[in-house]
Amino acid sequence: MYRNVSLPALGRFARAGFVREPAEVAAATEVTAQLDVRPADTRRVVRTLSGGNQQKVVLARWLLRGCTVLLLDEPTRGVDVGARSEIYALVRRLAASGVAVVLVSSEVPEVLGLADRVLVVREGAVVHEAPADDLDESRVLDLVMEGATDA
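Mapping of the sequence shown onto UniProt numbering: position 147 corresponds to residue 147, and the numbering continues sequentially without gaps.
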């Protein structure tokens with residue numbers, strides 16, 4: 001897992017063409033601990049982790065790289081309910097720390113629960129933009145479906 005996490009920032013751990021593995025492992029361990037990736041063994045193979053922990057590893061790689069803008073496309077697809085709530089808490093924590101989070105999701109409650117501002121897109125065009133607090137699930141679904149039956 002440590003190489004998967006550190007790959008985008010590998011240059012940070014290389015000297016004279018050699019990777020300083022202890023520094024790489026330490027950095028990966030630190031960022032995966034912050035995200036509560038379980039199990040905490042950074043030498044574990046990512047594919048053996050649960051879906052939620054695999055998603056956290058993906059986030060860890062970009063946070064280690066120092067990204068200040070994250071584009072999350074369906075971040076909770078295929079993860080269980082427990083992992084979903086952990087990912088929601090993590091996204092909120094990242095946003096509160098100053099990371100800009102752009103969330104793309106077909107899960108309306110997810111969008112309304114995580115976003116400050118919502119852009120409703122239908123057939124590739126933005127059809128509505130509003131603060132999340134001004135919308136509810138039925139209004140978003142109405143906006144998405146308007147004109148969908150026109151042929």
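Backbone N, C-alpha and C define an ideal beta-carbon position, used for all residues, glycine too. Note that the coordinates shown come from a computational prediction; the quantities given were computed from them, not determined experimentally.
Exposure label - residue i; buried when at least 16 CB within 10 Å
i	result
residue 24	buried
residue 151	For residue 151, the predicted model reports a pLDDT of 37, less than 50, meaning its position is unreliable; a value from the coordinates is still stated below. With fewer than 16 Cβ atoms within 10 Å of its Cβ, residue 151 is classed as exposed.
residue 152	Only positions 1 to 151 of the chain appear in this structure, which leaves residue 152 out of reach.
residue 59	buried
residue 120	buried
residue 52	buried
residue 84	buried
Cα-Cα separation between residue i and residue j, rounded to whole angstroms
i	j	result
residue 135	residue 112	8 angstroms
residue 100	residue 75	15 angstroms
residue 146	residue 108	16 angstroms
residue 2	residue 72	21 angstroms
residue 90	residue 96	10 angstroms
residue 186	residue 17	Since the first residue of the chain shown is 1 and the last is 151, residue 186 is not available in this structure.
residue 40	residue 82	17 angstroms
residue 10	residue 142	46 angstroms
residue 19	residue 77	34 angstroms
residue 149	residue 123	Summary for residue 149: the model assigns pLDDT 48, below 50, so the residue's position carries little reliability; its value from the coordinates is reported in the next sentence. Taking the straight line from one Cα to the other gives about 12 angstroms.
residue 35	residue 56	7 angstroms
Short Cβ contact (8 angstroms threshold) for residue i with residue j
i	j	result
residue 5	residue 45	no
residue 70	residue 62	yes
residue 116	residue 132	yes
DSSP three-state assignment for residue i, whether helix, strand or coil
i	result
residue 79	coil
residue 22	helix
residue 38	coil
residue 150	Model confidence at residue 150 stands at a pLDDT of 44, short of 50, so the residue's coordinates are unreliable; what they give is reported in the following sentence. Residue state, collapsed to three classes: coil.
residue 123	coil
residue 135	coil
residue 15	strand
residue 74	coil
residue 144	helix
residue 69	strand
Which complete beta strand (DSSP E) runs does the stretch 86 to 120 hold, if anything under 3 residues is left out?
Secondary structure in the stretch 86 to 120: the beta strand (DSSP E) runs of 3 residues or longer, each lying completely within the stretch, are 100 to 104 in chain order.
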